[in-house]
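A short write-up of the structure that comes next.
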Amino acid sequence: MIKLGVNTVDLFSGDHIALNIRPDLDELTLVEEVKRTHQELGIDLVELPANLMVICPHLFTSKTISELGKYQASSGVGYTVHLPFRGLDVSSFCRPIAEASVASYKSIISALEESLDVEHYVMHLTEMMLNQVSSKPHLSDSTKQEIISAMYAEAKSNVAKILATAPQGKLLLENIKSGWKEPFEIARELDMGICCDIGHLVLAGQDVTQVVEANRELIREFHFHDVIQWTLDDGRSILQDHVALGTGFLDVSSTLDIMLQGGFDGVLMIEVGRWEAAEKSVEVVRNYLRRR
């Protein structure tokens, strides 16, 4: 049976940079949000934003971890952890950044393992540097691809170092918007699991059915959210993900059919930006499960 979860929304969604100028927040604010999310939505798991631990560490301290542990012990809530995705980069060619990233990921996992029962730790391989390489107009496509391949080789080497001390089976790689294929390849090579982000596959123009079927044995968790299309004032169209299920162009029921085929019993994590979107998405998934 699947375990249904929701990420922390509103204040604690996104990249968290703006939280550094919010003096009204403290190290227990996240704990209260976790309690609210678990209790009011009635879900199995909450995704913890470990990005806070590097971007604004005063909001995710040892006291935060201790209180999250106490709440888990008293309530039975499950946790997954989205590892930091801003600042750290295991694909970096800058040796001090790469080494600090490995050390930081190891330290975060170790600190959380001491007090919490964590289902999965989900990490991105790269993004910012990948976008920088892809956008350079003076580089040929072949040169860009060589650089990107070298970046993923660096990422693979550094993920292997994190795996050496990570709890068995808990560290998952997530496919991102700008690089969907390589996480699946590296996970297979390193004997890891995958967190398959459905919305990111849509943004990458991939056939969700084909990707899920080809990698089903690797998938331990899904990130699930809808995608909408906006038309800008200049007539250009853009896609926005992490919106409520049932409000975009994703066929939610048929997508869930694909995701849950074969008796998937891992984590189905709704990952949206706002509380209303979380409520709507939980309702959509529960209605589907009742009809199934």
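According to this note's numbering, the sequence shown is numbered sequentially starting from -17. Built from N, CA and C at the ideal position, the CB exists for glycine as well.
Cβ atoms of Glu14 and Phe(-6): under 7 Å apart, would you say? One-based indexing of the sequence shown puts residue -6 at position 12. One-based indexing of the sequence shown puts residue 14 at position 32. With contacts defined as CB atoms closer than 7 Å, Phe(-6) and Glu14 fail to qualify as a contacting pair.
In whole angstroms, what is the alpha-carbon distance linking His205 and Pro78? For the purposes of this step, residue 205 is identified with residue 223 of the sequence shown, where counting begins at 1. For the purposes of this step, residue 78 is identified with residue 96 of the sequence shown, where counting begins at 1. If you take the alpha carbons of His205 and Pro78, they lie about 31 Å apart.
So what does Glu101 bridge to, in DSSP terms? In the sequence shown, counting from the first residue as 1, residue 101 sits at position 119. Note: Glu101 sits in no beta bridge, so no partner.
Could you pull out every residue in the same chain whose Cβ sits closer than 8 Å to the Cβ of Ser48, ignoring the five residues on either side in sequence? As a working note, residue 48 is residue 66 in the sequence shown. Closer than 8 Å at Cβ, skipping near neighbours: Ser97.
For Asp223, does the three-state DSSP call read helix, strand or coil? Numbered from its first residue, the sequence shown carries residue 223 at position 241. Asp223 falls in the strand class under three-state DSSP.
Tell me the rounded alpha-carbon separation between Gln222 and Ser92. If you number the sequence shown from 1, residue 222 lands on position 240. If you number the sequence shown from 1, residue 92 lands on position 110. Taking the straight line joining both Cα atoms gives about 34 Å.
Assuming Val84 and Ile158 form a contact by the criterion Cβ under 8 Å, report the distance between their Cβ atoms to the nearest whole angstrom. Walking along the sequence shown from the start, residue 84 turns up at place 102. Walking along the sequence shown from the start, residue 158 turns up at place 176. The pair is not a contact, with the Cβ atoms about 19 Å apart (cut-off 8 Å).
Anticipated Cβ contact below 8 Å, Thr201 with Val190, distance rounded: As a working mapping, residue 201 is identified with position 219 in the sequence shown. As a working mapping, residue 190 is identified with position 208 in the sequence shown. Here residue 201 is Ile; the residue named in the question, Thr, does not match the sequence. Going by Cβ atoms, the distance from Ile201 to Val190 rounds to 12 Å, so no, they are not a contact pair.
Mapping the DSSP letters down to three states, classify Glu203 as helix, strand or coil. By 1-based counting over the sequence shown, the position of residue 203 is 221. Glu203: strand per DSSP, three-state reduction.
Helix, strand or coil, according to DSSP, for Glu195 in the structure here? Here residue 195 refers to the residue found at position 213 of the sequence shown. Three-state result, Glu195: helix.
For Ile37, report the span of its beta strand (DSSP E) as first-last. Counting from one through the sequence shown, the residue named residue 37 turns up at place 55. That residue, Ile37, is in no beta strand (DSSP E); its alpha helix (DSSP H) goes Leu34 to Ile37.
Less than 8 Å between the CB atoms is what I'm expecting for Ile25 and Val(-12), so what's the real figure, rounded? Numbered from 1 along the sequence shown, position 43 holds the residue referred to as residue 25. Numbered from 1 along the sequence shown, position 6 holds the residue referred to as residue -12. In this structure Ile25 touches Val(-12) by the C-beta definition: roughly 5 Å separates them, less than 8 Å.
When you compare each of Val184, Asp233, Asp208 and Leu227 to Val266 by their alpha carbons, which one comes out closest? For the purposes of this step, residue 266 is identified with residue 284 of the sequence shown, where counting begins at 1. Ranked by Cα distance from Val266, the first of Val184, Asp233, Asp208 and Leu227 is Leu227.
Quick one, are the C-beta atoms of Ala82 and Val63 less than 7 Å apart? As a working note, residue 82 is residue 100 in the sequence shown. As a working note, residue 63 is residue 81 in the sequence shown. For Ala82 and Val63, no; Cβs fall outside 7 Å.
Counting only the same chain and skipping the five closest in sequence on each side, list residues whose C-beta sits under 6 Å from that of Ile220. Within the sequence shown, numbered from 1, the residue matching residue 220 stands at position 238. Result list for Ile220: Trp212, in chain order.
Buried/exposed call for Leu153, threshold 16 Cβ in 10 Å: Reading the sequence shown from its first residue, position 171 is the one you call residue 153. Around the C-beta of Leu153, 16 or more other C-beta atoms lie within 10 Å, and the residue is accordingly described as buried.
Beta-carbon proximity list for Ala142, same chain, < 8 Å, skipping 5 on both sides: Sequence index remark: in the sequence shown, residue 142 carries index 160 (1-based). Here the set comprises Leu172.
Run the CB neighbour count on Gln54, radius 10 Å, all protein chains shown included, and call it buried at 16 or more, exposed below. The sequence position of residue 54 within the sequence shown is 72, counting from 1. Of the other Cβ atoms in all chains shown, 16 or more fall within 10 Å of the Cβ of Gln54; this residue is therefore buried.
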